[in-house]
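Chemist: When the letters of the sequence shown are read in order and numbered with this note's numbering, they come out as residues 24 to 333. A virtual CB, placed ideally from N, CA and C, is assigned to each residue, including glycine. None of these values were measured; they are calculated from a predicted model.
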Amino acid sequence: MDNLAFINRVLELTNQERSRLGLSPLTLSPLLSQAAQTHSQNMALQDFFSHTGVDGSSPSDRARIVGYTSGAAENIAAGYTTPEAVVTGWMNSPGHRENILNPNYRTIGVGYHFLANDTGQVNWNHYWTQMFGFAADPMPMVSLQSMNAIQYGTEESDRLFGTPGHDTLFALGGDDTVQGGLGNDYINGMQGRDRLFGEAGNDTVRGGKGNDTVFGDDGNDWLCGDLDQDFVYGGNGDDILYGGKGNDWLEGGAGNDTLYGDLGSDTLIGGPGTDVYVLRVDLPDTIYYNDLEDYIGLTNGLTYSDLQIT
């Protein structure tokens, strides 16, 4: 069973439990599904199991990041191999059961990530997230087969194309090429050496695990290489670029961009516009900046005396 089938089955089983008490069924939220899928992926790839992300984020924080502002609660689980098993596990836990049967919730996001080679400190292979909200997304709810759809690749090398709407695209495994097209899209390469293009619109693009190439293209984009050695290019617009973990190459392109080197020895190039470079203390980064327009910010105890400017 693939990710989309797992997600639909969790939704079905959750609504079956609610129907036994005469509660209204939950509708699937593309925005909460983005947040849930990203958290499941992060737990697997960043080696933790918690409602608090390694960046300190809460479920409500993660919901707001993707544009959902009506509050959020969260169930997580790990190690369960099927939707039936994970929903049974949640129903046998009072706190998780309370979320599933809360009559005030109207919408849900579901995320599932399988990591076959799970060799960290937290080794569960299967990572699950449910996120619950009080209201529908601020965009029209649509079916998975129409505009604004959630699309999944396979474990092979795929090509995914967005619609003119606001799409959510998960590439899964393999060396994939993903093009968001029009609209404000969310793209996640997940695993493999991927090429990800936000194209038109204000897009959110994450490379995931593997040496990825991430393009924001037009619009004010949020871009992250995530793990390994990535190339991240903002394109036109006022973009925010994160290298993530690894020795990354970040280019802002045209516009007033903010570039975060993050972990690793990174190269940061702002390009035309007034750009901000945010550096940390772990490994030396190289930046190419315009001293008449650009700014340098320092984090994690780094001071200007630590810089070598030529």
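Helix, strand or coil for E222? Go by DSSP, reduced to three states.
Modeler: In this structure, E222 counts as coil in the three-state DSSP scheme.
Chemist: List, from N- to C-terminal side, the beta strand (DSSP E) runs of 3 residues or more that fit wholly inside the segment 42-121.
Modeler: With a minimum length of 3 residues, the continuous beta strand (DSSP E) runs that stay inside the segment 42-121 are 96-101.
Chemist: In whole angstroms, what is the alpha-carbon distance linking Q202 and C247?
Modeler: About 16 Å.
Chemist: Please confirm whether G275 has its beta-carbon closer than 8 Å to some beta-carbon of chain C.
Modeler: Reference to chain C is not applicable here, since this structure consists of a single protein chain.
Chemist: Just confirm the distance between the C-beta atoms of N234 and D253, as a whole number of angstroms; I'd bet it's less than 8 Å.
Modeler: Between D253 and N234 the Cβ distance is about 6 Å, and since that is below 8 Å, they are a contact.
Chemist: Identify every residue that forms a DSSP beta bridge with I123.
Modeler: None, per the DSSP bridge assignment.
Chemist: Put F157 into one of helix, strand or coil per three-state DSSP.
Modeler: Note: F157 maps to coil in three-state DSSP.
Chemist: Where does V201 sit, in a helix, a strand or coil, going by DSSP?
Modeler: Looking at V201 - three-state DSSP - the assignment turns out to be strand.
Chemist: Based on Cα-Cα distance, which residue from D251, F238 and M154 lies nearest to Q214?
Modeler: Out of D251, F238 and M154, D251 has the C-alpha closest to the C-alpha of Q214.
Chemist: Just to confirm the assignment, what range does the beta strand (DSSP E) spanning R182 have?
Modeler: R182 to F184 is the extent of the beta strand (DSSP E) around R182.
Chemist: For the candidate residues S42, L273, D244 and W272, whose alpha-carbon lies nearest to that of N259?
Modeler: Closest option to N259, Cα to Cα, is D244.
Chemist: Excluding the 5 residues preceding and the 5 following N98 in the sequence, name in chain order all residues of the same chain whose CB lies nearer than 6 Å to its CB.
Modeler: W113, H119, N122 and Q153, listed in sequence order.
Chemist: For M164 and S288, what's the separation of their Cα atoms in angstroms?
Modeler: For M164, the predicted model reports a pLDDT of 39, less than 50, meaning its position is unreliable and no value from the coordinates is stated.
Chemist: Quick check on DSSP: helix, strand or coil for T335?
Modeler: This structure gives no information on residue 335, because the portion of the chain shown stretches from 24 to 333.
Chemist: I'd like to confirm the pairing. Which residues does DSSP put opposite E274 in its beta bridges?
Modeler: E274 is bridged to Y256 and I292.
Chemist: Around the Cβ of S52, are there at least 16 other Cβ atoms within 10 angstroms (buried) or fewer (exposed)?
Modeler: It counts as buried.
Chemist: Just checking my contact of Y128 with G156 at CB under 8 Å: how many whole Å lie between their CB atoms?
Modeler: Yes, they are in contact, since the Cβ atoms of Y128 and G156 sit about 7 Å apart, within 8 Å.
Chemist: Just how far apart, CA to CA, sit V15 and G143?
Modeler: A query on residue 15 cannot be resolved here, the shown segment of the chain reaching from 24 to 333 and no further.
Chemist: Since N148 is in the beta strand (DSSP E), which residue starts that stretch and which ends it?
Modeler: No beta strand (DSSP E) holds N148; DSSP gives it neither H nor E.
Chemist: Who are the Cβ neighbours of R41 in its own chain at under 8 Å, not counting the five residues just before and after it?
Modeler: Counting only Cβ-Cβ distances below 8 Å, and skipping sequence neighbours, we find S47, P48, L49, I123 and L124.
Chemist: Out of L219, L282, Y300 and N38, which has the shortest C-alpha to C-alpha gap to T130?
Modeler: Answer by Cα proximity: N38.
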